[in-house]
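Below is one structure, written out as structure tokens, with a few remarks after it.
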Amino acid sequence: MVASGGNAQLGCWDGPSLLDAISVPVTVLDAQGRIAYANRAAEEISGASRSRLLGAFMWDVLTPTAEAAALRSLLEEALACGGPAGREIHWRVADGSLRLMSCVGVPLGGPTPAVVLTACDAHERRRIEQELHTSRERLQDVMSNAPVVLFALDERGTFLLSEGKGLERLGLRPGQVVGRSIFDLYGNHPAILENFRRALGGDTFKSTVGVDGSVFEVWYSPLRDAGGRVTGVIGVAVDVTDRVHVERYLWRRLELEKLLARISADFLNRVPEQVDAAVTEALRAVGEAMGVDRTYLFLLSEDGATVRNTHEWCAAGIAPQRERLQDVAVAKFRWWMDHLERREPIYVSRLADLPPEAAAERAAFEARQIRSVLAVPLSWGGRLMGFVGFESVRGEKSWSPDDAALLETLSSIFAGALEREAAERRRKQLEEQLRQAQKMEAVGRLAGGVAHDFNNLLTIISGYAHLLAAGDLAPEELQPTAREILQAAGRAMELTQQLLTFSRRQVAEPRLIDLNEVVARMESWLRRTAGDHVDLVLNLQPGRAPVVADPAQIEQVLINLALNARDAMPEGGRLVVETGAAQLSRPEPALGLGPGHYITLSLCDSGCGMEADVRSRIFEPFFTTKEPGKGTGLGLSIVYGIVKEHRGEIAVESAPGRGTRITIYFPRALSAETGRC
0 MVASGGNAQL GCWDGPSLLD AISVPVTVLD AQGRIAYANR AAEEISGASR
50 SRLLGAFMWD VLTPTAEAAA LRSLLEEALA CGGPAGREIH WRVADGSLRL
100 MSCVGVPLGG PTPAVVLTAC DAHERRRIEQ ELHTSRERLQ DVMSNAPVVL
150 FALDERGTFL LSEGKGLERL GLRPGQVVGR SIFDLYGNHP AILENFRRAL
200 GGDTFKSTVG VDGSVFEVWY SPLRDAGGRV TGVIGVAVDV TDRVHVERYL
250 WRRLELEKLL ARISADFLNR VPEQVDAAVT EALRAVGEAM GVDRTYLFLL
300 SEDGATVRNT HEWCAAGIAP QRERLQDVAV AKFRWWMDHL ERREPIYVSR
350 LADLPPEAAA ERAAFEARQI RSVLAVPLSW GGRLMGFVGF ESVRGEKSWS
400 PDDAALLETL SSIFAGALER EAAERRRKQL EEQLRQAQKM EAVGRLAGGV
450 AHDFNNLLTI ISGYAHLLAA GDLAPEELQP TAREILQAAG RAMELTQQLL
500 TFSRRQVAEP RLIDLNEVVA RMESWLRRTA GDHVDLVLNL QPGRAPVVAD
550 PAQIEQVLIN LALNARDAMP EGGRLVVETG AAQLSRPEPA LGLGPGHYIT
600 LSLCDSGCGM EADVRSRIFE PFFTTKEPGK GTGLGLSIVY GIVKEHRGEI
650 AVESAPGRGT RITIYFPRAL SAETGRC
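Dropping the structure here:
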């Protein structure tokens, strides 16, 4: 194509027909601004034919005259610098309106100065630029807020790029490590260095790495030059610390739940004798699963005044504390017990977090070097039995409500097992008491029948002995023999009286008495009975001790118990006789007592004491540990029978070398006038 009507030298320029396929306007202008070439897009936007455009000044046909200065400036700049120059210039379009176009002029090489001018809609360009700017801002927002790190390293391991919010987790700022070596920064993280070398070898892969307590999921890829040679490594690291912690927590919780299910099933298959060992084993398993140093179980005493450590597990290297934690007074640790009584778990992640009212608890923890503790109540049927505890000694440990919930499940398993064990123990005790009562009832009937018949025979023997001793039926030399017969018959009759008392065939005459008065009246008898080698001490409760009883039988109880105590102290000792009062708010199956008010009578000696097997048989008729001829074995049996006849109970505490304490519980007479209990 040849220009017409234009500069002769410029008119030799042939524009390639390919420019007609371009969708943006393209023109060629001489140094004065005349059009030497216009493509089809220029024709279409202006609505002017190419013949009209060629040779005309740009501002006469395509731009308003007011834009002539801007156009000349663009031409001069492009020709002067030999490179692109740009301006925004209004173009006149086919409908006569003006459209702002972004124009770029590039000098055209050749003997005649000329500039190739391209134009595009400035509004569209601005829209595209705005979209690009918005995209860059969005990308920057993502980079600034997403927990990622973008990084690049050269082949020597020097950081070229380090951007992203994930750097905050590492305590770094964007660009802070640029120029530094990965070998200097992460020399103590072999996995990171190995991953760099692997990517530098050409591998593209994903790896999970830990850095200073944080966890990152990292994608590595090699950087290559135009020839395909690896020149560095680029990567993206995503902070997955929180996700990993959640996954680990859920996994640990699942494992704990499985463990508790196994423990629960195991306890169902345990007989009562195996419960103690099973509790200790469960404490070990849960303690190891939770990563604590010590786990334990405490039980409250019957009166709720003390707790004792009954079961314990300690990790390797942790000193046991069980022997030190027996009969601990709960009143001293009120803050702790208040939580447990409200059935609330106790979280202590840091001792510094304890409130001022827990000063006693803090001191106890510090004395045992405890850093953190979690305790959950141990209860059954609405009754607080004690608590289960988990301690950390070698470091502080955080506890969550989910931890407490799982451990409360363990506590419930323990409570149920211990309650079943106690119920089985009570059942066996009741069975033993029933067998003992049946045996003693049978022996009592036999003894009563024998004593009654024997007493009749003794009456006849005693009568004839009286006649012989009077001298009417026998010579004088036989009278001493008759008196011996009479004396022996008297002792035999005393024995039959004991047998009748034991069998309850002797008629009792109960009435309202003051137990203190009976004991005080018997003091001289008790001193003679105990002997000079025994120090007798009376310790009577202030005021009255009203009971409904036969005073003669109470005296017999005192004499028999004093004789038994004396025989237990052949070398001398101390015998304390006490009266007191007891109030039970709930049944005491071990004593066979129901709720109510009781008057107690106790005799405590410092004698030789008894083994458990002897202690269990002392009330059996004719059972004795004394030498032949020194005891009938009926004294304590008679005491037992009298106490039972008075609707009382008797408890024995004794151990070899520690003496014996016998305590009798009589129902307290609540009405002095009627003697009713």
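Sequence positions in the sequence shown follow numbering that gives the first Met the number 0 and run 0 to 676. The beta-carbon is built from N, C-alpha and C at its ideal position, and this holds for glycine as well.
Apart from sequence neighbours up to five positions away, the residues of its chain that approach Thr528 with a beta-carbon distance below 8 Å are Ile558, Ala561, Leu562, Arg565, ordered along the chain.
Pairing Trp334 with Glu360 gives a Cβ-Cβ distance under 9 Å. Here the region 209–220 does not lie against the region 112–125, with fewer than 3 beta-carbon pairs under 8 Å apart. The alpha-carbon of Val274 is positioned some 13 Å away from that of Ala264.
Assignment of Met100 by DSSP, reduced to helix, strand and coil, places it in the strand class. The shortest CA-to-CA distance from Arg342 to any of Leu514, Leu255, Met384, Ala358 is the one to Met384.
Distance check between Ile34 and each of Leu53, Ala20, Arg49 places Leu53 closest, using alpha-carbon atoms only.
Rounded to whole angstroms, the gap between the alpha carbons of Ser378 and Leu339 is 9 Å.
Annotation for Gly579: Gln540, Thr599 place their beta carbon closer than 6 Å to its own, counting only its chain and skipping 5 residues before and after.
Going by C-alpha positions, Pro666 is about 10 Å away from Gln582.
Counting along the chain, Thr659 sits inside the beta strand (DSSP E) bounded by residues 659–666. Counted as a single uninterrupted DSSP element, the alpha helix (DSSP H) harbouring Thr279 occupies residues 274–289. Assignment of Met57 by DSSP, reduced to helix, strand and coil, places it in the helix class. Under a 10 Å Cβ-count criterion, Asp302 is classified as exposed, with fewer than 16 other Cβ atoms of the shown protein chains found around its own Cβ.
DSSP, reduced to helix, strand and coil, places Phe332 outside both helices and strands of the structure shown, so it counts as coil.
Between Val114 and Val105, the gap from beta carbon to beta carbon is short of 9 Å. By the neighbour-count definition (other C-beta atoms within 10 Å, threshold 16), Phe195 is a buried residue.
In this structure the region 249–263 does not lie against the region 223–233, because fewer than three pairs of beta carbons, one per stretch, are closer than 8 Å. Following the DSSP letters along the chain, one finds Lys257 inside the alpha helix (DSSP H) bounded by residues 240–267. Judged by DSSP secondary structure, Ile181 falls within the alpha helix (DSSP H) whose first and last residues are 181–184. Counting only the Cα atoms, Ala47 lies some 19 Å from Glu66. DSSP, read as helix, strand or coil, puts Asn515 in helix. Comparing alpha carbon positions, the residue from Ser584, Leu574, Leu166, Arg269 closest to Gly595 is Ser584. Boundaries of the alpha helix (DSSP H) harbouring Trp524: 522–529, taken from the DSSP string. The closest CA to that of Leu635, considering only Asp59, Glu483, Val613, Thr157, is found on Val613. Residue pairing by DSSP places Trp312 opposite Thr294 in a beta bridge. Annotated as distal: Leu78 and His89, with beta-carbon spacing of 9 Å or more. DSSP, reduced to helix, strand and coil, places Glu66 within a helical segment of the structure shown. Assignment of beta-bridge partners to Phe215 by DSSP yields Val208, Asp238. His532 sits in coil when the DSSP states are folded into three classes, being neither helix nor strand.
Non-local beta-carbon contacts of Val243 in its own chain, meaning distances under 6 Å to residues more than five positions away in sequence, involve Val214 in chain order. Checking the DSSP bridge columns, you'll see Phe158 partnered with Leu152. A Cβ-Cβ distance of about 6 Å is found for the pair Gly32 and Arg71, placing them in contact under the 8 Å criterion. Listed as beta-bridge partners of Val546 by DSSP are Ile512.
Nearest neighbour of Val237 by Cα position, chosen from Pro221, Cys607, Gly163, Arg307, turns out to be Gly163. DSSP, read as helix, strand or coil, puts Cys603 in strand.
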